[in-house]
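Colleague: Sharing a structure, written as structure tokens. Questions coming.
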Amino acid sequence: MKNVEDKNKIIKNPPLPVKEDVHISTRIPITDLNVYPELIEALPSIEEDFFRTPLTEEERRDVIYLCPRTSAMVYSPPPLNDSALIVVKKIDSMLYGIQVALAQATRPIDYYVH
Numbered sequence: 139m140k141n142v143e144d145k146n147k148i149i150k151n152p153p154l155p156v157k158e159d160v161h162i163s164t165r166i167p168i169t170d171l172n173v174y175p176e177l178i179e180a181l182p183s184i185e186e187d188f189f190r191t192p193l194t195e196e197e198r199r200d201v202i203y204l205c206p207r208t209s210a211m212v213y214s215p216p217p218l219n220d221s222a223l224i225v226v227k228k229i230d231s232m233l234y235g236i237q238v239a240l241a242q243a244t245r246p247i248d249y250y251v252h
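Residues in the sequence shown are numbered from 139 upward in steps of one, following our numbering.
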């Protein structure tokens with residue numbers, strides 16, 4: 139009997155239509171991926187948090203120098219302005235060193251993915 143009363147209320151007082159705002163978009167809900175047990179058996183390290191695993195300085199150096207350099211990537215930076223200060227040249231060489239270290243550090247991820 140209560141269901142009939144609820145339906146009558148809905149029919150008499152229909153819900154107001156919600157005006158869609160073009161600046162609000164709905165997102166799909168987040169989906170969690172459950173790993174197959176066979177995959178965990180094959181790759182036990184898949185359960186570890188790969189990006190938060192700290193490496194010692196020696197392990198990091200070993201990982202970087204373990205992978206061969208990419209010969210297919212040809213990069214020659216533009217020449218520095220000769221009138222630039224020595225400090226600018228030092229900072230540029232430091233940034234280049236960081237770029238090379240990052241490229242070599244992420245190379246194992248490329249090998250793992252591809």
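C-beta: ideal position from N, C-alpha, C; glycine also. On a predicted model such as this, the values are computed, not experimentally measured, just so you know.
For Val251, which of helix, strand or coil comes out of DSSP?
Modeller: Mapped onto the sequence shown, residue 251 falls at position 113. Taken through DSSP and simplified to helix, strand or coil, Val251 comes out as helix.
Colleague: Here's a check: name, in chain order, each residue in its chain whose Cβ is nearer than 8 Å to the Cβ of Tyr249, leaving out the five neighbours to either side.
Modeller: Translated into the one-based positions of the sequence shown, residue 249 becomes position 111. Cys205, listed in sequence order.
Colleague: Just checking my contact of Leu246 with Val201 at CB under 8 Å: how many whole Å lie between their CB atoms?
Modeller: Position 108 of the sequence shown, counted from the start, is the residue given in the question as residue 246. Position 63 of the sequence shown, counted from the start, is the residue given in the question as residue 201. The sequence given here has Pro at residue 246, not Leu. Sure, about 6 Å apart at Cβ, within 8 Å.
Colleague: Can you check which of these residues, Gln237, Thr194, Val225, Glu186, is closest to Ser214 by C-alpha distance?
Modeller: Residue mapping note: residue 214 aligns to position 76 of the sequence shown, counting from 1. Checking every option, the nearest Cα to that of Ser214 belongs to Gln237.
Colleague: Leaving aside the five residues before and after Ala239 along the sequence, list all residues of the same chain whose C-beta is less than 7 Å from its C-beta, in chain order.
Modeller: Taking the sequence shown and counting its residues from 1, the one referred to as residue 239 is at position 101. Hits under 7 Å: Ile202.
Colleague: Report the rounded CA-to-CA distance for Glu186 versus Pro192, giving the unit in angstroms.
Modeller: In the sequence shown, residue 186 corresponds to position 48, counting from 1. In the sequence shown, residue 192 corresponds to position 54, counting from 1. Taking the straight line joining both Cα atoms gives about 12 Å.
Colleague: In the structure shown, what three-state DSSP assignment does Pro254 receive?
Modeller: Here the chain covers residues 139 to 252 and nothing more, so residue 254 does not appear.
Colleague: Would you mind reading off the limits of the alpha helix (DSSP H) that contains Ile168?
Modeller: The count along the sequence shown starts at 1 and reaches residue 168 at position 30. Per DSSP, Ile168 belongs to no alpha helix (DSSP H) and is neither H nor E.
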